[in-house]
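Numbering (numbering that gives the first Met the number 0), first residue to last: 0 to 391. Using N, Cα and C, we set each Cβ at its ideal position, and we do this for glycine too. Just so you know, these numbers come straight off a predicted model, no measurement behind them.
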Amino acid sequence: MEREWSFSTKLLHNEWKVDRHTGAVSVPIQHASTFHQFDFDSFGKYDYSRSGNPTREALEETIAALEGGVRGFAFASGMAAISTAFLLLSKGDHVLVTEDVYGGTYRMITEVLGRFGIEHTFVDMTDLNAVAENIQPNTKVIYIETPSNPLLKVTDIQEVVKLAKAHGCLTFLDNTFMTPALQRPLDLGVDIVLHSATKFLAGHSDVVAGLAVVKDEELGKKLYKLQNAFGAVLGVQDAWLVLRGLKTLHVRLKQSSESAAAIAQYLDCHPKVEKVYYPGLSHHPGHDIQCQQAAGFGAVLSFRLADEESARTFVRNVRLPVFAVSLGAVESILSHPAKMSHAAMPKEERLRRGITDGLLRLSVGLEDVNDLIADFEQALSFVQERPSVSTP
Numbered sequence: 000m001e002r003e004w005s006f007s008t009k010l011l012h013n014e015w016k017v018d019r020h021t022g023a024v025s026v027p028i029q030h031a032s033t034f035h036q037f038d039f040d041s042f043g044k045y046d047y048s049r050s051g052n053p054t055r056e057a058l059e060e061t062i063a064a065l066e067g068g069v070r071g072f073a074f075a076s077g078m079a080a081i082s083t084a085f086l087l088l089s090k091g092d093h094v095l096v097t098e099d100v101y102g103g104t105y106r107m108i109t110e111v112l113g114r115f116g117i118e119h120t121f122v123d124m125t126d127l128n129a130v131a132e133n134i135q136p137n138t139k140v141i142y143i144e145t146p147s148n149p150l151l152k153v154t155d156i157q158e159v160v161k162l163a164k165a166h167g168c169l170t171f172l173d174n175t176f177m178t179p180a181l182q183r184p185l186d187l188g189v190d191i192v193l194h195s196a197t198k199f200l201a202g203h204s205d206v207v208a209g210l211a212v213v214k215d216e217e218l219g220k221k222l223y224k225l226q227n228a229f230g231a232v233l234g235v236q237d238a239w240l241v242l243r244g245l246k247t248l249h250v251r252l253k254q255s256s257e258s259a260a261a262i263a264q265y266l267d268c269h270p271k272v273e274k275v276y277y278p279g280l281s282h283h284p285g286h287d288i289q290c291q292q293a294a295g296f297g298a299v300l301s302f303r304l305a306d307e308e309s310a311r312t313f314v315r316n317v318r319l320p321v322f323a324v325s326l327g328a329v330e331s332i333l334s335h336p337a338k339m340s341h342a343a344m345p346k347e348e349r350l351r352r353g354i355t356d357g358l359l360r361l362s363v364g365l366e367d368v369n370d371l372i373a374d375f376e377q378a379l380s381f382v383q384e385r386p387s388v389s390t391p
């Protein structure tokens, strides 16, 4: 009986391990935009790179295999992947969405889909009763983000999938934070898995990309038609960069996750930190569910200081993390959701969800964890103790 390779081994040893024609151990970058057809009546596999390209195909097949799907799709950005998936909806349809969803997804749903007559409802998906109560007769998609961005709420994937199937809904799930290294939504019944491959999959802050994977062939055909029609495909150089980043995903995410757990424990005990959001903490409301449906807790956490001034002071004095949008890179990235990832969300909506002006999100990189904690300690020493002005 042939041995089933582990995930970390599959990242390196797969169908695209070597080029079939030359034996090269790196996937060739095929820059051609169009392909000569050798027969007037019978065209070859490739004709125009928007419709199909060998380098992009290597990435699409690789992510499909890693997620346990039958077909993968590579897009110009994570939002391009999400937006193309939403094109499966039609006028009059309704989508049910995780409440503290990524700001770009929030903007797409509230400012774009509504213009085309597609309705939406945001709901706290940690509350299964609320999910069930908000499914409407015209609900066609339940959109899950777990752990959510930026409050790291954990949705019970299998239970939401059961509700969706009972009402004839598709389920989309943003798996950016976890990646298939830690969470395999298709195995839990989800219909479409989405990624901002810019983040952990590529992992080096040098590419913008999006991916989608399906487990159903017919759904894959529909999504391919939309990918080809909408045309927001990933360029071949960027596809190659994601493929290169994938080779080290396991070791990068392992170290970053271990460091994130240590930092979360440190911050959780610090008197100037009001709250830490990280599913790896035993008192996190979604800890047990995360243990059941994932192989780890990831490398992203958020923590709340008293107010914006406290957050400003911390950011001004911290030295190691990059202060920037994005996450999932080899360097630690610190961000302020209210002004960055969730700036598209009105302040009253942010505060209602618990995204306060004192909230900071940290994506832990590959620095020595002791150096990171020491850096945080000195930065927090500049933060003045003050009562919180806004708590969820």
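query, result
"May I ask you to report which of helix, strand or coil DSSP gives Ser-362?", "strand"
"Can you give the beta carbon distance from Lys-274 to Arg-303, rounded, assuming they're within the 8 Å contact cut?", "5 Å"
"Taking Ser-195 as part of the beta strand (DSSP E), name the residues at either end of that continuous run.", "191–195"
"Residues in its own chain within less than 6 Å of Leu-172 by CB, not counting five upstream and five downstream?", "Ile-143, Pro-184, Val-189 and Val-192"
"Measuring only the C-alpha atoms, how far is Pro-27 from Lys-338?", "40 Å"
"With DSSP as the reference, please indicate the residues paired to Gly-71 in a beta bridge.", "Val-212"
"Output the boundary residues of the alpha helix (DSSP H) element that contains Ser-309.", "307–316"
"Name the residue from Gly-364, Asp-46, Tyr-47 and Pro-53 whose alpha carbon lies nearest to the alpha carbon of Trp-239.", "Pro-53"
"From Thr-145 to Tyr-47, what does the alpha carbon distance come to, in whole angstroms?", "36 Å"
"Rounded to the nearest angstrom, what separates Arg-311 and Leu-379 at their Cα positions?", "11 Å"
"Check whether the Cβ atoms of Ser-331 and Ser-362 lie closer than 9 Å to each other.", "yes"
"Kindly identify the DSSP beta-bridge partner or partners of Val-140.", "Val-94 and Leu-169"
"Can you tell me which of the three DSSP states His-119 falls into?", "strand"
"Classify Asp-356 as helix, strand or coil using the three-state DSSP reduction.", "coil"
"Check whether the Cβ atoms of Leu-112 and His-119 lie closer than 9 Å to each other.", "yes"
"Is the segment 208–215 in contact with the segment 52–69, if contact means three or more CB pairs nearer than 8 Å?", "yes"
"CA-CA distance, Cys-168 and Lys-139?", "5 Å"
"Can you look up Phe-322 in the DSSP assignment and give me helix, strand or coil?", "strand"
"Check each candidate in Thr-170, Glu-257, Arg-106 and Ser-41 and name the one with the smallest Cα separation from Asn-369.", "Glu-257"
"Hey, out of Tyr-45, Gly-219 and Ala-129, whose CA is closest to Leu-87's CA?", "Gly-219"
"In its own chain, which residues sit with a C-beta less than 6 Å from the C-beta of Val-24, not counting the 5 before and 5 after it?", "Val-17"
"Quick one: Cα of Pro-391 to Cα of His-93, how far?", "Any reading at Pro-391 is ruled out, since the residue's pLDDT is 48, under 50, leaving its predicted position unreliable."
"Using the C-alpha atoms, what's the distance from Tyr-45 back to Asn-13?", "22 Å"
"Could you pull the DSSP bridge partners for Ser-393 from this structure?", "Any answer about residue 393 is impossible in this case: the structure gives the chain only from 0 up to 391."
"How big is the Cα-Cα spacing for Lys-90 and Lys-224?", "18 Å"
"Under the rule that 16 or more other beta-carbon atoms within 10 Å means buried, what is Glu-216, buried or exposed?", "exposed"
"Could you name each continuous alpha helix (DSSP H) segment of 4 residues or more that falls completely within the segment 38–88, going from the start of the chain to the end?", "53–66 and 77–85"
"Note the first and the last residue of the continuous alpha helix (DSSP H) segment covering Tyr-105.", "102–106"
"In the DSSP output, which residue or residues are listed as bridge partners for Tyr-276?", "Ser-301"
"What's the C-alpha gap between Ser-389 and Leu-350?", "Note on Ser-389: pLDDT 49, under 50, position unreliable in the model; the coordinate value appears next. Answer to the nearest angstrom: the Cα atoms are 8 Å apart."
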